[in-house]
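Each step along the sequence shown adds one to the number in UniProt numbering, with nothing skipped, and position 92 is 92.
Ideal Cβ placement from N, Cα and C applies to all residues, glycine included.
Okay, so here's the structure we're looking at.
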Amino acid sequence: MLLCCGSAHAADSCLGCHRPHYRSHYRELGSCAGCHRGDPRSDRMSVAHHGLVAARFSWSGVPGSAPVARGNALLDTFACRRCHNTAGRGNRLASNLDQLPAGTTPENLFASIEAPAQQMPDFKLEQGAKTDLVNALLAGARGATVRGKERPLVVHFETEGKGENVFEKKCGPCHKMLTAALGGVGRGTVGPNLSGLFSEFYPLTAAGLKRWDTPALEKWLRNPREFRPATQMRPVLLKKAEYDLLLQIMDPTSRPVAAKAAR
């Protein structure tokens, strides 16, 4: 009997203050905490509002909502899955956004898009677009299947010797790339970020709007203007050994050998 009373109190405590909003709200979705989090067991505002999700981020709990749809479109446009796993799909070059650490808030996610990490592209998004992206990420995490323990990633902080690899020498002045074997390589922002270039999640920008593969890359490097006459990129002349080392850095399937590319 006590459990039943406690449960009823938890269900109604939010509505003690927010009842006017409930009439036009999403009753069929369940409790207020399902979208807004917080702690409905308490009548004390400081406790009840702990971890509260702001209204602009709560669309992640509404199936088919426009902000989530727009955010999912942005995930595809900017190819976020070339580095991140979200909604159960993507590469694992960076954080798995379906399994964010406890305590991560929507505001944290928003801030990480607004002020990107070192190897993450700065997409220069407007406030509304960043909010839509956060809603899509939270919605994706809700629906993702938990697959148990994940393989840990190696984080590369060292910089010694990085300037010696062929990517840094031939590509790095204009491009950046996140790799499984060497971490972040390159320092340029003039050219596209090449992270996940050979994966299904990279934009279809090879000749004929197809996926990139090793033959397409080799032809492109030999003469970029054959495929894109207006490009500013010049031919990159590589010896066979240099091209092989470049592939070992860029291709995740070459990971066991790729560490040699830094030498």
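- Shown here for D122: same chain residues with a beta carbon closer than 7 Å to its own, the five before and five after excluded, namely P116 in chain order.
- In the same chain as H175, and ignoring 5 residues on each side of it, the C-beta atoms closer than 6 Å to its own belong to G186, G188, G191, L194, in chain order.
- Distances from the CA of N165 to each of V53, I249, S65, P229 were compared; the closest alpha carbon is that of I249.
- Nearest C-alpha to A33 among G16, D213, L52: L52.
- The beta carbon of R234 sits closer than 8 Å to those of P224, all from its chain and outside the five residues before and after it, given in chain order.
- At a cut-off of 4 residues, the continuous stretches assigned as alpha helix (DSSP H) that sit fully inside the UniProt domain "Cytochrome c" (158-254) are 166-170, 214-222, 240-250.
- As DSSP reads the structure, N135 sits in no beta bridge.
- Here D132 is buried. Its C-beta has 16 or more other C-beta atoms within 10 Å.
- Distance from the Cα of L246 is smallest, within the candidate group A230, E226, R228, T214, for T214.
- Apart from sequence neighbours up to five positions away, the residues of its chain that approach Q119 with a beta-carbon distance below 7 Å are K176, L178, G184, ordered along the chain.
- Taking the Cα positions, D244 is about 24 Å away from L209.
- Within the same chain, and ignoring the five residues on either side of R89 in sequence, the residues whose Cβ sits closer than 7 Å to its Cβ are R81.
- Excluding the 5 residues flanking it on each side, V68 has same chain C-beta neighbours closer than 7 Å at W59, S60, N135, A136, A139, in chain order.
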